[in-house]
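Sequential numbering from 1 applies to the sequence shown in our numbering.
The structure appears below as structure tokens.
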Amino acid sequence: VPPPIGPSTAPPGVDSKTFLANERTVLDWFHVVFPMSALSTVLLRYGEGPAVYAGLFLAPCTMFTLIWAYRIYWLRVDALLAWDAQRYVDPFGPLVLVAAIVVGVVGSVGIHIFAVGSKS
1 VPPPIGPSTA PPGVDSKTFL ANERTVLDWF HVVFPMSALS TVLLRYGEGP
51 AVYAGLFLAP CTMFTLIWAY RIYWLRVDAL LAWDAQRYVD PFGPLVLVAA
101 IVVGVVGSVG IHIFAVGSKS
């Protein structure tokens, strides 16, 4: 049982606003995931040629982002419940997501250019 929270015993930055900020952050990540999943589903269902490859690449990126956001949320909840005043910055998740999307877009454009060039 943690000691009672008072002016001198509560670690800085751990209060109800921090819990709510953690929930808002995971909801923001979910707002990124749902359009990504819709786009990958549309590309897989209605796409042709390179679009299908883009959908195949985007679907695992979507799942990775969802799992990563959920994992970070629970790591932060555990830290908050343990009264561990730490930096709640995730340096890897956004970087990996942006890198995956860039690779997917560049790969999709490259496949499209290769497919158009081979038809000529």
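The C-beta atom is built at its ideal place from N, Cα and C for all residues, glycine as well.
Everything numeric in this text was worked out from a predicted model, so none of it was measured.
Check the Cα spacing between ILE113 and each of ASP28, PRO50, ASN22, SER37: the tightest is with PRO50. Counting C-beta atoms within 10 angstroms of its own C-beta, TRP83 has fewer than 16 neighbours from the protein chains shown and is therefore classed as exposed. By the C-beta density criterion, ALA38 is exposed, having fewer than 16 other C-beta atoms within 10 angstroms.
Boundaries cannot be given for TRP83, as no alpha helix (DSSP H) includes it and DSSP labels it neither H nor E. Nearest to TYR73 by alpha-carbon distance, out of GLU23, ASP15, THR18, SER16, is GLU23.
If you check the CB distance, TYR53 and ILE111 come in under 8 Å.
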